[in-house]
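When you line the sequence shown up against full-length UniProt numbering, it's residues 1 to 319, in that order.
C-beta atoms are modelled at their ideal positions from N, C-alpha and C, and glycine is treated no differently.
For reference, the structure discussed in these notes is given below.
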Amino acid sequence: MISRKAAIIDMGTNTFHLLLVKLSADNFTTLYKEKIAVKIGQGGINRNIITDDAQKRAFHTLGHFKNLIDGERITEIFAFATSAVRNAGNGQDFVAEIKNRFDITVHVIDGVQEAQLIYEGIKFSGSLDQETHLMMDIGGGSVEFIIGNNQKAFWKQSFEIGGQRLLDLFHYHDPIISEEITNLNLHLENKLSDLISAIKTYHPTKLVGASGTFDTLSDMYYETIHRQKGKAEQSFILPRDGFETLAEQLLTLNKAERLKIPGMIPMRVDMIVVASCLIKYILQYVPVDSLICSSFALKEGAISQLLLNNSLVESPEIE
1 MISRKAAIID
11 MGTNTFHLLL
21 VKLSADNFTT
31 LYKEKIAVKI
41 GQGGINRNII
51 TDDAQKRAFH
61 TLGHFKNLID
71 GERITEIFAF
81 ATSAVRNAGN
91 GQDFVAEIKN
101 RFDITVHVID
111 GVQEAQLIYE
121 GIKFSGSLDQ
131 ETHLMMDIGG
141 GSVEFIIGNN
151 QKAFWKQSFE
161 IGGQRLLDLF
171 HYHDPIISEE
181 ITNLNLHLEN
191 KLSDLISAIK
201 TYHPTKLVGA
211 SGTFDTLSDM
221 YYETIHRQKG
231 KAEQSFILPR
241 DGFETLAEQL
251 LTLNKAERLK
261 IPGMIPMRVD
271 MIVVASCLIK
281 YILQYVPVDS
291 LICSSFALKE
301 GAISQLLLNN
311 SLVESPEIE
């Protein structure tokens, strides 16, 4: 395979990611990466609409991304939109306007396709072995769960219980109050019955969290043990007791106090509270001693498919 460049744009509900890469035969080199808290779900996600303000933020960010892509003379652009766009009544108009303004074709992928690409990314990171893992990626709009190992995914499903949705529905007080946590847990119990059934069927023995919240939690944990993450590493261990200590802090501090926690970043400071509640809920059903945190997720899954197929759009997972 001739070395070539590609751009991946992941238009998440909370964060837009840009990844510029050089592809080789079986791997890739990162030329540039950036993430921006666009928050296209803010103010509209539970009404299934992308607000005008959210669209303005999105267009501003995509214009910036396009300038960077053009600066690298990259013509292969693979853009994905997930929960906020696929559920929005004006999602197709939004995607059409992106094509009109920037000549970027956005693939609005469904939850199963998103889960598959996340699985491919986690597998690419080297986080999996032959044991059965429960994998999860907490987005702003949806959360994807996959059960599988380093050979295949046995089960996968997307649930519309992402951080922005949970934040809007349950996190009114800061710090969050016990009544809100109780209501959130009842909501999860109602929404996640398919997942709990799958856990009882496949008996995963390991838990892997991908990107976003798990990146930040592992950054915060590494600060507590005075270690730096290796630049070449894509998989990190977060001991369960380390997570539980952090979660206790997150649930009892207000936003200004959370921002002072070493390793915290502003774009995660709001959603990380409800995301931690979700992780605590899942740990009831997968009682592991440690969480595996994969820094690879959807973007890197897309790259792994590019390397396999030479053209991502030809992949059966995202047609």
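Query                                                                                                                                                                             : Result
Identify every run of the beta strand (DSSP E) within the stretch 35–112, keeping only runs that are complete inside it and at least 3 residues long; order them along the chain. : 77–81, 106–108
Do three or more CB pairs link the stretch 227–237 to the stretch 148–155 at distances below 8 Å?                                                                                 : no
Which of the three DSSP states is assigned to I8 in this structure?                                                                                                               : strand
Give the secondary structure of A297 by DSSP, where H, G and I count as helix, E and B as strand, and everything else as coil.                                                    : coil
For E76, which residues in the same chain have their Cβ closer than 6 Å to its Cβ, ignoring the five residues on either side in sequence?                                         : A6
When burial is assigned at 16 or more other CB atoms within 10 Å of the CB, is E125 buried or exposed?                                                                            : The sequence as given places Ser at residue 125; Glu does not occur at that position. Buried, by the Cβ-count rule.
Among A115, I49, R47, R73, whose alpha-carbon lies nearest the alpha-carbon of F80?                                                                                               : A115
Taking L128 as the reference, give the member of H171, A302, L291 with the closest Cα.                                                                                            : L291
Tell me whether V143 sits in a helix, a strand or coil according to DSSP, three-state version.                                                                                    : strand
Could you say which of L20, I74, T13 lies nearest to Q55 if we only look at CA atoms?                                                                                             : T13
Could you tell me which residues DSSP puts in a beta bridge with T30?                                                                                                             : V21
Can you find the residues in the same chain that come closer than 8 Å, C-beta to C-beta, to V95, ignoring five residues on each side of it along the sequence?                    : A81, V85, V106, V108
Just checking G43 against the ligand HEM - is the residue's beta carbon closer than 6 Å to any of the ligand's heavy atoms?                                                       : This structure lacks the ligand HEM; in fact it carries no ligand of any kind.
Output the distance between the C-alpha atoms of M264 and L217, rounded to the nearest integer angstrom.                                                                          : 8 Å
Alpha carbon to alpha carbon, how far is D174 from E72?                                                                                                                           : 43 Å
Quick one: residues in its chain with C-beta nearer than 8 Å to the C-beta of K299, no 5 flanking neighbours on either side, listed in chain order?                               : I8, D10, H17, L19, G121
For G301, which option in L23, K123, I36, L167 has the closest C-alpha, if you only look at C-alpha atoms?                                                                        : K123
Tell me which residues share the same chain as I45 and place their Cβ nearer than 7 Å to its Cβ, disregarding the 5 neighbours each side in the sequence.                         : T13, A84, G141, Q164, R165, D168
Between which two residues does the alpha helix (DSSP H) harbouring Q234 extend?                                                                                                  : Q234 -> no alpha helix (DSSP H), and no H or E assigned at all.
Report the rounded CA-to-CA distance for I50 versus L259, giving the unit in angstroms.                                                                                           : 28 Å
How many Å lie between L195 and I146 at the Cα?                                                                                                                                   : 9 Å
Quick one: what does DSSP say D129 is sitting in, helix, strand or coil?                                                                                                          : coil
Out of I69, I272, D110, which one is the CA nearest neighbour of A88?                                                                                                             : D110
With a threshold of 16 other CB atoms inside 10 Å of the CB of T29, please say whether the residue is buried or exposed.                                                          : exposed
Hey, H187 and V274: beta-carbon distance below 7 Å or not?                                                                                                                        : no
Classify I225 as buried or exposed, calling it buried when 16 or more other Cβ atoms lie within 10 Å of its own Cβ.                                                               : exposed
Which whole-angstrom value is the C-beta distance of S276 and D215, which I expect to be below 8 Å?                                                                               : Incorrect: roughly 14 Å between the Cβ atoms, too far for contact.
Report yes if the CB atom of F159 is closer than 7 Å to the CB atom of K191, and no otherwise.                                                                                    : yes
Could you give the first and the last residue of the continuous alpha helix (DSSP H) run that contains S158?                                                                      : No alpha helix (DSSP H) holds S158; the beta strand (DSSP E) holding it covers 153–159.
Leaving out the 5 sequence neighbours to the left and right, which residues in its chain are closer than 7 Å to I98 when beta-carbon positions are compared?                      : L62, I104, V106
On the DSSP letters alone, give me the boundaries of the alpha helix (DSSP H) that L259 sits inside.                                                                              : 255–259
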